[in-house]
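In the working numbering, the protein residues as written are 47 to 327. Virtual Cβ for every residue (Gly too), placed ideally from N, Cα, C. Please read these numbers as outputs of a predicted model, since none were measured by experiment. What follows is a set of notes on a single structure, which appears directly below.
Set out below in structure tokens:
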């Protein structure tokens with residue numbers, strides 16, 4: 047091999063070695079980068095899930111705080127659970143949901159504070175299929191809350207949320223407490239309704255949308271006492287609260303039902319909202 051060819055050969059080998067080494071470095075770097083991003087994505091998923099769970103827990107705690115305030119104010123401002131059965135039942139629910147003691151104490155102080163004007167308010171709108179909708183909130187400033195609701199409503203295409211008035215007339219507000227229907231006959235449910243001073247008892251589906259229950263109905267503020275009365279008789283109350291029962295229902299097609307479900311979920315995710323009620327069949 048001539049000297050010229052030898053120089054060319056060595057030069058080519060050097061270039062190939064450089065390219066090969068560079069390619070391997072790039073591949074290793076890509077693999078490391080992929081691993082880094084994979085770990086980053088995994089961390090992001092964990093963080094996102096934790097954030098979502100924290101938000102749900104925060105909303106539950108917020109609603110329980112409101113129930114504490116209502117339990118005290120609707121029962122003579124009695125803050126001792128020994129003498130306020132509704133408050134006692136509410137505090138048991140708070141403990142089941144791991145509500146911090148500091149938050150409980152703060153809610154009790156808020157209930158008896160003169161400057162706290164928090165009270166129930168109703169807002170309304172017309173939903174898909176011309177269905178009537180009521181939004182039940184606890185607020186100390188209705189004007190500010192109305193602005194807040196309309197801001198969120200605009201995001202999903204609802205023209206306007208208004209103060210409760212005309213639409214509310216198409217609903218009856220009732221308090222309720224539910225127990226599982228299994229192993230409880232209709233005769234026994236009727237007997238229980240008389241014993242706990244409920245106005246009536248009906249077959250229904252629980253708040254989870256699955257479980258069949260007996261729903262005991264009474265005045266709006268009486269649900270806590272019905273819960274206490276049922277618990278004292280050994281029954282597990284699966285859900286309780288107040289609701290607005292429609293006097294007339296409106297049938298919806300599947301598309302409108304799906305849209306309405308999304309609208310309700312959006313509003314119920316808001317901290318001040320206690321519930322959304324409709325006259326959809």
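- Collapsing the DSSP output to three states places residue 324 in a strand.
- Residue 210 sits close to residue 169, with the two beta carbons spaced by under 8 Å.
- Annotation: residue 308 to residue 288 spans about 22 Å, alpha carbon to alpha carbon.
- By alpha-carbon distance to residue 136, the top candidate from 175, 107 and 163 is 107.
- Across the set 115, 172 and 242, the C-alpha of 242 shows the shortest separation from the C-alpha of residue 278.
- Straight through space, the alpha carbons of residue 188 and residue 252 are spaced by roughly 30 Å.
- Collapsing the DSSP output to three states places residue 174 in a helix.
- Within a 10 Å sphere around the beta-carbon of residue 275 sit 16 or more other beta-carbons, which makes this residue buried.
- For a cut-off of 8 Å, the C-beta gap from residue 272 to residue 280 is around 15 Å, too long to register as a contact.
- The Cβ atoms of residue 268 and residue 247 do not sit closer than 8 Å to each other.
- Residues 114, 118 and 125 of the same chain have their beta carbon placed closer than 8 Å to that of residue 154, with the five preceding and five following residues left out of the count.
- As DSSP reads the structure, residue 265 sits in no beta bridge.
- Residue 322 places its beta carbon less than 8 Å from that of residue 179.
- Assigned with DSSP and collapsed to three states, residue 235 falls in helix.
- Taking C-beta separations shorter than 6 Å and ignoring five residues to either side along the sequence, the partners of residue 305 in its chain run 174, following chain order.
- About 5 Å separates the beta carbon of residue 167 from that of residue 185, a gap short enough to meet the 8 Å contact definition.
- Look at residue 222 here: in three-state DSSP terms it is strand.
- Excluding its 5 nearest sequence neighbours in each direction, residue 112 has C-beta neighbours in its own chain below 6 Å: 184, listed in chain order.
- For the region 139–218, the full-length beta strand (DSSP E) segments reaching 3 residues or more read 165–172 and 178–185 along the chain.
- Judged by DSSP in its simplified three-state form, residue 287 adopts strand.
- The beta carbon of residue 219 sits closer than 7 Å to those of 266, 288 and 290, all from its chain and outside the five residues before and after it, given in chain order.
- The alpha-carbon of residue 292 is positioned some 20 Å away from that of residue 285.
- Taken through DSSP and simplified to helix, strand or coil, residue 297 comes out as coil.
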